[in-house]
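Numbering (numbering that gives the first Met the number 0), first residue to last: 0 to 241.
Quick reminder that beta carbons are idealized off the backbone N, C-alpha and C, glycines included.
Since we're looking at a predicted model, the values are computed, not measured.
What follows is a set of notes on a single structure, which appears directly below.
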Amino acid sequence: MVSYLISDLHLDGSRPDVTRAFCDFLRRRAAGAEALYILGDFFEVWIGDDDDAPLAARVATELRRFADTGAQVYLMHGNRDFLLGQAFAQRSGALLLQDPSPATLGGRRVLLMHGDSLCTRDRDYQAFRQQARDPDWQQALLAKPLEERRRIAAQIRTVSKTMNSRKAEDIMDVTPEEVEAAMRRYGVHTLIHGHTHRPGRHQLTLDGQAAERIVLGDWGELGWCIKADQKSLELIHWPTAR
Ligand code: MN
């Protein structure tokens, strides 16, 4: 049996090519899979499950069709789509997945994360993250009319873009000590995450044992996934243009 992991598609109405590449992925590459793990930032922005934009409906329909073939779809929040809720998950035939979540994939125990919580050197982002994960803050936001939520989301995006352009590169990458702490906490030697848009496989030594951190890539001209079968994990990329 084969499972796939993806993250950081940043699906958006303004990037129809990526949406199409995702639909192709579900219908071809991932066809017949046992499970699909979506590790956050699936959407560029999510303002609530009641969003009436056509993108949400299209993606929910595609996911549901895929889930109906017998695949289990798991959805983890990212820093963009942390408001994805139970209603969208149900419509899509997906299960919401906690960040972090342990799993058995490729014949090993692994820890799945979005990755933003590992970037602890980015202090003002971590402050925002804490606020954004607060249920009361989320409720207050979700109670606002859709139009107002669209405006607030655009504002948050502008502020974060300006701040990020002033930050040193390494601040926005994972903190090595946090990676090790997360692996130790869950007793795993493999960590899979996205978020940083720096796809790759990093070998490390954890308490005298070989360990690995596998980073998924963001989708654009290339699509990225991890293919997990009984024995191995493979990081794969391909051009999305047809
Ligand atoms: Mn992210």
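Checklist entry - Taking 8 Å as the cut-off, does the CB of R212 come closer than this to any heavy atom belonging to ligand 1? => result Residue numbering aside, residue 212 sits at position 213 when the sequence shown is read from its first letter. No, the Cβ of R212 stays beyond 8 Å of every heavy atom of ligand 1.
Checklist entry - Would DSSP call Q245 helix, strand or coil? => result The structure shown does not extend to residue 245, since the chain spans only 0 to 241, so no value can be given for it.
Checklist entry - Mind checking whether D50 and L145 have CB atoms under 9 Å apart? => result On the sequence shown, residue 50 is found 51 positions in, with the first residue counted as 1. On the sequence shown, residue 145 is found 146 positions in, with the first residue counted as 1. Yes, the Cβ-Cβ distance between D50 and L145 is below 9 Å.
Item to check | Integer-rounded CB distance, given that R200 should sit under 8 Å from L234 | outcome: Within the sequence shown, residue 234 is the residue found at index 235, counting from 1. Within the sequence shown, residue 200 is the residue found at index 201, counting from 1. Correct: roughly 6 Å between the Cβ atoms.
Checklist entry - Which partner residues does C224 have in the DSSP bridge list? => result One-based indexing of the sequence shown puts residue 224 at position 225. For C224, which the question treats as bridged, DSSP gives the partners I235.
Checklist entry - From what residue to what residue does the alpha helix (DSSP H) around Q85 run? => result Counted from its first residue, the sequence shown places residue 85 at position 86. Start and end: Q85 to S91.
Checklist entry - Roughly how many whole angstroms lie between the Cα atoms of A93 and L74? => result On the sequence shown, residue 93 is found 94 positions in, with the first residue counted as 1. On the sequence shown, residue 74 is found 75 positions in, with the first residue counted as 1. Computed Cα separation, rounded: 7 Å.
Item to check | Under 7 Å, CB to nearest heavy atom of ligand 1: contacting residues | outcome: D7, G39, D40, G77, N78, R79, H113, G114, D115, G193 and H194
Item to check | Opposing strand residues paired with T103 [DSSP bridges] | outcome: Working through the sequence shown from its first residue, we reach residue 103 at position 104. T103 is bridged to R108.
Item to check | Strand pairing of G199, partner residues [DSSP] | outcome: In the sequence shown, residue 199 corresponds to position 200, counting from 1. G199 is bridged to V214.
Next on the checklist: Within a Cβ cutoff of 7 Å, which residues of the same chain sit near D123, ignoring the five residues on either side of it in sequence?
Outcome noted: On the sequence shown, residue 123 is found 124 positions in, with the first residue counted as 1. For D123, where only same-chain residues beyond five positions count, the Cβ hits under 7 Å are M162.
Next on the checklist: Here's the rule: buried if 16 or more other CB atoms are within 10 angstroms of the residue's CB, otherwise exposed. What is T157?
Outcome noted: If you number the sequence shown from 1, residue 157 lands on position 158. Exposed, because fewer than 16 other Cβ atoms sit within 10 Å of the Cβ of T157.
Checklist entry - Which residues in the same chain have their Cβ closer than 7 Å to the Cβ of E179, if we skip the five residues on either side of it in sequence? => result Within the sequence shown, residue 179 is the residue found at index 180, counting from 1. Excluding sequence neighbours, E179 sits near L205.
Item to check | Rounded straight-line distance, which links the Cα of T195 to that of F127 | outcome: Here residue 127 refers to the residue found at position 128 when the sequence shown is read from its first residue. Here residue 195 refers to the residue found at position 196 when the sequence shown is read from its first residue. Taking the straight line joining both Cα atoms gives about 17 Å.
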